[in-house]
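The structure appears right after this line, and notes come after that.
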Amino acid sequence: MKETVTYARAQASGALILLAMLPDRLETWTLPGRGKAVVGRDPSCDITLDHPSISRVHAELELGARVLVRDRGSRNGVTVDGIAVGAGEAAEIVVGGTAELGEITVLLQRRGSDLAPGEPTQMISIGDHDAIVGGTLVRLLDLIRRVAPGERTVLIVGETGVGKDFVAELVHRASPRARGPFVRVHCAALPSTLFESELFGHERGAFTGATTQKQGLIEAAHGGTVFLDEVGEIPPSMQVKLLRVLEDRRVTRIGSTSPRVVDVRFVAATNCDLARAVKDAHFREDLYYRLCGFTVAIPPLRERSDEIIPLAEMFLARASRGRPLVLGNTARQALAEYAFPGNVRELRLTVERAAALVSGPAIEVSDLRLEIPLPACHDDAALLAALESAAGNQSEAARRLGISRRTLVARLAVLRGRAG
1 MKETVTYARA
11 QASGALILLA
21 MLPDRLETWT
31 LPGRGKAVVG
41 RDPSCDITLD
51 HPSISRVHAE
61 LELGARVLVR
71 DRGSRNGVTV
81 DGIAVGAGEA
91 AEIVVGGTAE
101 LGEITVLLQR
111 RGSDLAPGEP
121 TQMISIGDHD
131 AIVGGTLVRL
141 LDLIRRVAPG
151 ERTVLIVGET
161 GVGKDFVAEL
171 VHRASPRARG
181 PFVRVHCAAL
191 PSTLFESELF
201 GHERGAFTGA
211 TTQKQGLIEA
221 AHGGTVFLDE
231 VGEIPPSMQV
241 KLLRVLEDRR
251 VTRIGSTSPR
261 VVDVRFVAAT
271 NCDLARAVKD
281 AHFREDLYYR
291 LCGFTVAIPP
301 LRERSDEIIP
311 LAEMFLARAS
321 RGRPLVLGNT
331 ARQALAEYAF
341 PGNVRELRLT
351 VERAAALVSG
361 PAIEVSDLRL
371 EIPLPACHDD
381 AALLAALESA
391 AGNQSEAARR
401 LGISRRTLVA
411 RLAVLRGRAG
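In this note's numbering, the protein residues as written are 1 to 420.
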């Protein structure tokens, strides 16, 4: 007897979520706990994706203890985490993983039961970018849904490692420009002497060493998106030239007098306070107001600590490469209590390093190699003495040491890990 399953827009708590990034919108579907879901362009499919690169019947999701994606003989193929799936074959997609169906990226997530209704524990990871999960992602997706269809410049602000590049690519993928190029400009990495040539291009003979004509990065993004990463590091001499491009959508190569029209959208990111930089005369005020047409602020990981373990598990699933690795209790506690000054990037690198070096089935706190600082006067013995004098009360022991309870708990987890 054929099993009938009803598919709906995502609402149920605890359910698996499939998020499809179409050129002009994001579509989210709730998946059943078991059964099969046919994905394709035909309206009769369980999940309908209306895009030219999607076959009438493109793929099938097999749902159970694991989630498998099977290619149903599609015209443009299926890849899972960058690996092609043969026609009729299947590959596993983990929570937080991605698959490409034709030109459409789909992402598997889970809606968490511990959050308020309508606020899922979602996970998205694109390539090697630093991901974002939980309520933070829900709010960001809501912002992206509103801003992506337009042409306004987007400014993404946040500390190093919070996932600004991740959000920038989400804006691009959710916009009508998704089929165009996404060109990233590492503003902090470009020497000031090369900045103009790299950004705007040059003509042959424009300067010593210019033996060929070169297209600039902005021109290369024609029809797509330019991502200005660490825009606050742009040299002052280049800021006025970038302002002209933002205003006129024209670039002039070095050595040329003929401006070229470019059809691009700009997304910028910074980890510095641009408003302060304007007051200090390090950044042009007119450029600042041109960039912040729509501002997206990403909080640091220490302010969204409920996301640490879901993120760590996602990174571990990707780094373990099929090995049955899990996070042990001491590792979970230490990760949950650690402040992560390097944000999501530091968490990802910590988990990837531990997964590469651990020999057993579980990662424990000693495998994480976290550096948890204490004031110089508080060595391990002083910490234990304070805990004993406070009769085991961690809050009181932390108060006596002049540190936060969070730091105390994390340091204790490290000590237990050393003791084995």
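Glycine included, C-beta positions come from ideal geometry on N, C-alpha and C.
Task: alanine 269 vs glutamate 230 beta-carbon contact at 8 Å - done: Counting from 1 along the sequence shown, the entry for residue 269 is found at position 269. Counting from 1 along the sequence shown, the entry for residue 230 is found at position 230. A contact, by the Cβ cut-off of 8 Å.
TODO: Specify the secondary structure class of glutamine 213 as computed by DSSP and reduced to three states.
DONE: Within the sequence shown, residue 213 is the residue found at index 213, counting from 1. Here glutamine 213 sits in coil by DSSP.
Task: Secondary structure of glycine 232, DSSP reduced to three states - done: One-based indexing of the sequence shown puts residue 232 at position 232. Three-state result, glycine 232: helix.
- [ ] Mind the definition here: the region 301-312 touches the region 186-193 only if three or more C-beta pairs lie below 8 Å; say whether that holds.
- [x] Three or more Cβ pairs closer than 8 Å define a contact, and the region 301-312 falls short of that threshold against the region 186-193.
Open item on the list: Which residues does DSSP list as the beta-bridge partners of aspartate 71?
Closed with: For the purposes of this step, residue 71 is taken as the residue at position 71 of the sequence shown. Bridge partners of aspartate 71: Ala59 and Ala87.
Task: CB-CB length for glycine 161 against glutamate 346, believed under 8 Å - done: For the purposes of this step, residue 161 is taken as the residue at position 161 of the sequence shown. For the purposes of this step, residue 346 is taken as the residue at position 346 of the sequence shown. About 6 Å separates the CB atoms of glycine 161 and glutamate 346; that is less than 8 Å, so the two are in contact.
TODO: Name the one or two DSSP bridge partners that glycine 224 has.
DONE: Indexing the sequence shown from 1 puts residue 224 at position 224. Paired residues: none, contrary to the question.
Open item on the list: Considering only the alpha carbon of each residue, which of Val95, Ala356 and Phe195 lies closest to serine 320?
Closed with: Along the sequence shown, one-based indexing puts residue 320 at 320. Here the closest residue by C-alpha is Ala356.
Task: Per DSSP, cross-strand counterpart(s) of histidine 186 - done: Taking the sequence shown and counting its residues from 1, one reaches residue 186 at position 186. Answer is Asp229.
- [ ] Using beta-carbon positions only, say whether serine 359 and arginine 265 come within less than 8 Å of one another.
- [x] Along the sequence shown, one-based indexing puts residue 359 at 359. Along the sequence shown, one-based indexing puts residue 265 at 265. No, these two residues do not count as a Cβ contact at 8 Å.
- [ ] Would you check if there are 3 or more beta carbon pairs closer than 8 Å linking the region 70-89 to the region 49-62?
- [x] yes
Task: Alpha-carbon spacing of glycine 61 relative to isoleucine 254, whole angstroms - done: Residue 61 sits at position 61 when you count from the first residue of the sequence shown. Residue 254 sits at position 254 when you count from the first residue of the sequence shown. At residue 61 the sequence reads leucine, which differs from the glycine that was named. Spanning the two alpha carbons is a distance of roughly 52 Å.
Task: Integer Cβ distance of arginine 250 from valine 262, believed to fall under 8 Å - done: In the sequence shown, the residue the question calls residue 250 occupies position 250. In the sequence shown, the residue the question calls residue 262 occupies position 262. At roughly 7 Å, the Cβ-Cβ gap stays under 8 Å, so arginine 250 and valine 262 are in contact.
Task: For phenylalanine 315 and glutamine 239, the rounded distance between their alpha carbons - done: As a first step, residue 239 must be located in the sequence shown, where it is residue number 239. As a first step, residue 315 must be located in the sequence shown, where it is residue number 315. One C-alpha to the other measures close to 38 Å.
Open item on the list: Suppose the cutoff is 7 Å on Cβ atoms and the five residues either side in sequence are ignored; what does the same chain contact list for aspartate 128 look like?
Closed with: The residue given as residue 128 occupies position 128 in the sequence shown. Note that aspartate 128 has pLDDT 43, beneath the 50 cutoff, so the model's placement of it is unreliable and the number below is only indicative. No residues qualify anywhere along the chain.
Open item on the list: Please state whether the Cβ-Cβ distance between glutamate 364 and threonine 330 is less than 8 Å.
Closed with: For the purposes of this step, residue 364 is taken as residue 364 along the sequence shown, with counting starting at 1. For the purposes of this step, residue 330 is taken as residue 330 along the sequence shown, with counting starting at 1. Result yes, Cβ atoms of glutamate 364 and threonine 330 sit closer than 8 Å.
Open item on the list: So the candidates are Arg145, Ala398 and Phe227; which of them puts its Cα closest to the Cα of glutamate 169?
Closed with: Taking the sequence shown and counting its residues from 1, the one referred to as residue 169 is at position 169. With distances taken between Cα atoms, glutamate 169 lies closest to Phe227.
- [ ] Starting from lysine 36, follow its DSSP beta bridges and name the residues at the other end.
- [x] Residue numbering aside, residue 36 sits at position 36 when the sequence shown is read from its first letter. DSSP, once it has assigned bridges, lists Glu62 as partnering lysine 36.
- [ ] Indicate the three-state DSSP secondary structure (helix, strand or coil) for valine 264 in the structure shown.
- [x] Position 264 of the sequence shown, counted from the start, is the residue given in the question as residue 264. Looking at valine 264 - three-state DSSP - the assignment turns out to be coil, as it is neither helix nor strand.
TODO: Find the nearest neighbour of arginine 139 within the set Leu155, Val167 and Thr257, judged by alpha-carbon distance.
DONE: Reading the sequence shown from its first residue, position 139 is the one you call residue 139. Ranking the options by Cα distance to arginine 139, first place goes to Val167.
Open item on the list: Let's see if you can read the secondary structure: which residues bound the alpha helix (DSSP H) around leucine 291?
Closed with: Along the sequence shown, read from residue 1 onward, the residue named residue 291 stands at position 291. Residues 285-291.
TODO: Could you name the residues that DSSP lists as bridge partners for glutamate 313?
DONE: Sequence index remark: in the sequence shown, residue 313 carries index 313 (1-based). Paired residues: none, contrary to the question.
Task: beta strand (DSSP E) segment containing leucine 18, residue limits - done: Along the sequence shown, one-based indexing puts residue 18 at 18. Where leucine 18 is concerned, the enclosing beta strand (DSSP E) stretches over 16-22.
TODO: Kindly list the residues whose CB is nearer than 6 Å to the CB of glutamine 213, restricted to its own chain and excluding five residues on each side of it in sequence; keep chain order.
DONE: As a working note, residue 213 is residue 213 in the sequence shown. Within the same chain, glutamine 213 has close Cβ partners Glu203 and Arg204.
Task: Helix, strand or coil at arginine 250 [DSSP, three-state] - done: Taking the sequence shown and counting its residues from 1, the one referred to as residue 250 is at position 250. Residue state, collapsed to three classes: strand.
Open item on the list: What does DSSP give as the partner residue(s) for isoleucine 308 in the beta ladder?
Closed with: Reading the sequence shown from its first residue, position 308 is the one you call residue 308. Looking at the DSSP assignment, isoleucine 308 forms no beta bridge with any residue, so it has no partner.
Open item on the list: Per the DSSP calculation, alanine 362 is bridged to which residue(s)?
Closed with: If you number the sequence shown from 1, residue 362 lands on position 362. Answer is Val326.
Task: Cα-Cα separation between alanine 354 and alanine 317, rounded to whole angstroms - done: Position 354 of the sequence shown, counted from the first residue, corresponds to residue 354. Position 317 of the sequence shown, counted from the first residue, corresponds to residue 317. Cα-Cα distance, rounded: 12 Å.
TODO: Kindly list the residues whose CB is nearer than 6 Å to the CB of arginine 406, restricted to its own chain and excluding five residues on each side of it in sequence; keep chain order.
DONE: Within the sequence shown, residue 406 is the residue found at index 406, counting from 1. If we look at arginine 406 and ignore the five residues flanking it on each side, its Cβ neighbours are Glu337.
Task: Identity of the residue in Tyr289, Tyr288 and Ala339 nearest glutamate 307 by Cα - done: Residue numbering aside, residue 307 sits at position 307 when the sequence shown is read from its first letter. Cα-wise, what sits closest to glutamate 307 is Ala339.
Task: Cutoff 6 Å; reference glycine 293; Cβ partners in own chain excluding five residues on either side - done: Along the sequence shown, read from residue 1 onward, the residue named residue 293 stands at position 293. Within the same chain, glycine 293 has close Cβ partners Arg152 and Thr153.
Task: phenylalanine 166: first and last residue of the uninterrupted alpha helix (DSSP H) it sits in - done: As a working mapping, residue 166 is identified with position 166 in the sequence shown. Start and end: 164-173.
Open item on the list: By the three-class DSSP mapping on this structure, what secondary structure does leucine 412 have?
Closed with: As a working mapping, residue 412 is identified with position 412 in the sequence shown. The answer is helix: DSSP assigns leucine 412 an H, G or I state.
- [ ] Over the uninterrupted alpha helix (DSSP H) stretch that includes alanine 385, give me the two end residues.
- [x] Residue 385 sits at position 385 when you count from the first residue of the sequence shown. Its alpha helix (DSSP H) spans residues 380-389.
Task: valine 296 - partner residues in DSSP beta bridges - done: By one-based count along the sequence shown, residue 296 stands at place 296. Note: valine 296 is bridge-paired with Ile156 in the DSSP secondary-structure output.
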